[in-house]
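A.B. asks: Before anything else, here's the structure in question.
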Amino acid sequence: MPSHSHPVALPQRRSYRNRTISTTIIKFADDTVVVGLISDNNKTAYLKEIRNLENWCQRNNLLLNVSKTKELIVDFSTKQERNYQTPIINESPVERVNSFKYLGVHITQDLSWSWHINTVVKKARQRLYHLRRLRDFRLPSKVLRNFYSCTIESILTGNILTWFGNSTMQDRRALQRVVRSAERTIHTELPDLHSIYSRRCWTKARKIVKDLSHPNNGLFSLMRSGKRFRSLKANTERLRRSFFPQSIRSLNQYITQY
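Take any residue in the sequence shown, count from 1 to its spot, add 12: that is its number in our numbering.
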C-alpha cells in the first residue's frame, strides 16, 4: 500500500495535502510516502493521489525520482490472489518491492521485524568491538557506560516504539544478548530493552494525551471513573501488540501502581 518516493528537491512540499479520504501523505525532510487503503481491490483513489502528487510537482517545477520510488503492498487476505495495477510516474512504472528502508526502519510486506532486528543486532555487535578496546585501555566504567548509551543502545532502541511490540521472542533474545555482552564488558548492570520500550511507551503516550492538537489524541479517552483510559479494541494479535494499545496499557498500569 505505501509508495515511497524521494523528491529531488521539494522546498515547498509541505504545502501539498492529500485529497482523498482513503489515502494519507507522510512527509519527513526529503522523503514522501503515499499510504493508500485499498478496499475491494479498488486502487482508484490511491492511483489518483499519486497522479495528483506528480501533477503538483510538475506545476511547482519539481521532479520525482522514479528510480528511487518503490511500492510496497501489505495484503494479509488469503481468500483470493489479487492483481494490483502498477503506478506510473513520469511514464515509468514504479518498482514493486517486498521490503524497503524508511527513516532507518526496514519495513517488510508481512510487517514482521526480523529483518530489521537482524540488521540492528549486526550493527550493534560491530560497536561492541570498540567498547572492548576502550575497556582494554582501562577507561572508567562511567566512560564505558556513556559510550554504550551513545553508540550501542541508541542503535538497539532506534524507533523502538514501531517494532519492539511485535517482535518475536527469538528476536528479543538476540537483542538482549548484545546487552548482556556489553554488561560483561563494562561490569555493570544495563537497562533491558523491554524496560526501555515500556518507559518510552508511557512517555510518548503522556505527550500525546497532553497535546490536544495531536492527530491521535482522540485514541486516549478516559473511562467514566476518570482514572483509567479506555482500552482499544484489537481483533488481531498484531494490533494488540502495536504502539497505541500498548501505550494505553502502560498508562493504566502506571495509574494502578500510583
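We put the beta carbon where it would ideally sit given N, CA and C, even for glycine.
1) Assign T35 to one of two classes, buried (16 or more other C-beta atoms within 10 Å of its C-beta) or exposed (fewer than that).
2) Does the pairing of the region 115–129 with the region 142–155 give three or more beta-carbon distances under 8 Å?
3) Taking the CB atoms as reference points, tell me whether R240 and N264 lie closer together than 9 Å.
4) Within the same chain, show all residues whose beta-carbon is closer than 7 Å to that of K216, passing over the 5 residues directly before and after it, in chain order.
5) What's the C-alpha gap between I38 and V47?
6) Looking at the strands, I want to know which residues DSSP matches up with Y141.
7) Compute the Euclidean distance between the alpha carbons of M181 and E165, then round it to the nearest angstrom.
8) Where do the ends of the alpha helix (DSSP H) carrying K39 lie?
9) Taking Y96 as part of the alpha helix (DSSP H), name the residues at either end of that continuous run.
10) Would E83 be called buried (16 or more neighbouring beta carbons within 10 Å of its own) or exposed?
11) How big is the Cα-Cα spacing for K135 and G170?
12) Count Cβ pairs between the region 63–78 and the region 222–236 that sit closer than 8 Å; are there 3 or more?
13) What beta strand (DSSP E) runs, 3 residues minimum, are completely inside the region 117–192?
14) According to DSSP, what are the bridge partners of F112?
15) Hey, out of N95, R189, S262, S225, whose CA is closest to N53's CA?
16) Going by C-alpha to C-alpha distance, which of I267, W214, S89 sits closest to G238?
C.D. replies: Put simply:
1) Counting every other CB atom within 10 Å of its CB across the protein chains shown gives T35 a total of 16 or more, marking it as buried.
2) Using a Cβ-Cβ distance cut-off of 8 Å, the region 115–129 and the region 142–155 are not in contact, since fewer than three pairs of beta carbons, one from each stretch, lie closer than that value.
3) Yes, they are a contact pair.
4) Sequence-distant Cβ neighbours of K216 in its own chain, meaning closer than 7 Å and more than five residues away, are L173, S259.
5) If I take the Cα positions, the gap works out to 8 Å.
6) The partner list for Y141 (beta bridge, DSSP) is empty, contrary to what the question assumes.
7) Straight-line measurement puts the Cα of E165 at about 19 Å from the Cα of M181.
8) For K39, no alpha helix (DSSP H) segment is defined; the enclosing uninterrupted segment is the beta strand (DSSP E) at 35–40.
9) First-last for Y96: undefined, no H or E at that position.
10) Buried is the call here.
11) A straight line joining the alpha-carbon of K135 with that of G170 spans about 12 Å.
12) Touching, no.
13) As far as the region 117–192 is concerned, its whole beta strand (DSSP E) runs of at least 3 residues are 117–120.
14) For F112, which the question treats as bridged, DSSP gives the partners I119.
15) Of N95, R189, S262, S225, the residue nearest in Cα terms is N95.
16) Each of I267, W214, S89 was checked against the Cα of G238, and the nearest Cα belongs to I267.
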